[in-house]
């Protein structure tokens, strides 16, 4: 396998782990016991921490996880710190918000977007790809 194809596979693997760990953290409104900090840094980690604080303050957790369909849109392995961009279609329709105590589903606005485009920036730190920035767009996919 050529280095670029291998890097794309590693990148998409790290991105999948980022979402898996994020779903686990959101399911208990806490990063404790997750590896989210292994895969998310900078803005991506800050957004997750902010979301987790809001969930905890609201007494809410999540159930399930979003469906993702990431595509690597750019990859620069020649940089001192390799850089990549991903465009994703995130579908959160199966990711439910629950009351943490009763486990009953929280009613969310009917007009909220459940499938949206997300632009992601990642870098390879040593042998590990990390997700640095996640920018959800107010645009359907």
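In my numbering, the protein residues as written are 89 to 229. All C-beta atoms in this analysis are idealised placements derived from N, C-alpha and C, irrespective of residue type, glycine included. Note that the structure is a prediction, hence the values are computed from the model and not measured.
7 angstroms CB neighbourhood of residue i in its chain, flanking five on each side removed
i, result
"residue 158", "100, 103, 174 and 176"
"residue 196", "185"
Test: residue i CB closer than 9 angstroms to a CB of chain C
i, result
"residue 203", "Absent from the structure is chain C; it holds one protein chain and no more."
Rounded distance between the beta-carbons of residue j and residue i, thought under 8 angstroms
i, j, result
"residue 133", "residue 125", "6 angstroms"
"residue 115", "residue 149", "6 angstroms"
Proximity below 9 angstroms, CB of residue i to CB of residue j
i, j, result
"residue 271", "residue 210", "What the structure shows of the chain is the stretch from 89 to 229, and residue 271 is not part of that stretch, so it cannot be assessed."
"residue 189", "residue 147", "yes"
"residue 182", "residue 153", "yes"
"residue 213", "residue 141", "no"
6 angstroms Cβ shell around residue i - same chain, five flanking residues per side excluded
i, result
"residue 223", "207"
"residue 180", "154 and 202"
"residue 215", "none"
"residue 112", "122"
"residue 91", "none"
Is the segment 218-225 close to the segment 102-120, with three or more CB pairs under 8 angstroms? yes
Could I get the ranges of all uninterrupted alpha helix (DSSP H) runs contained in the segment 117-144, with 4 residues as the minimum, in chain order? 124-127
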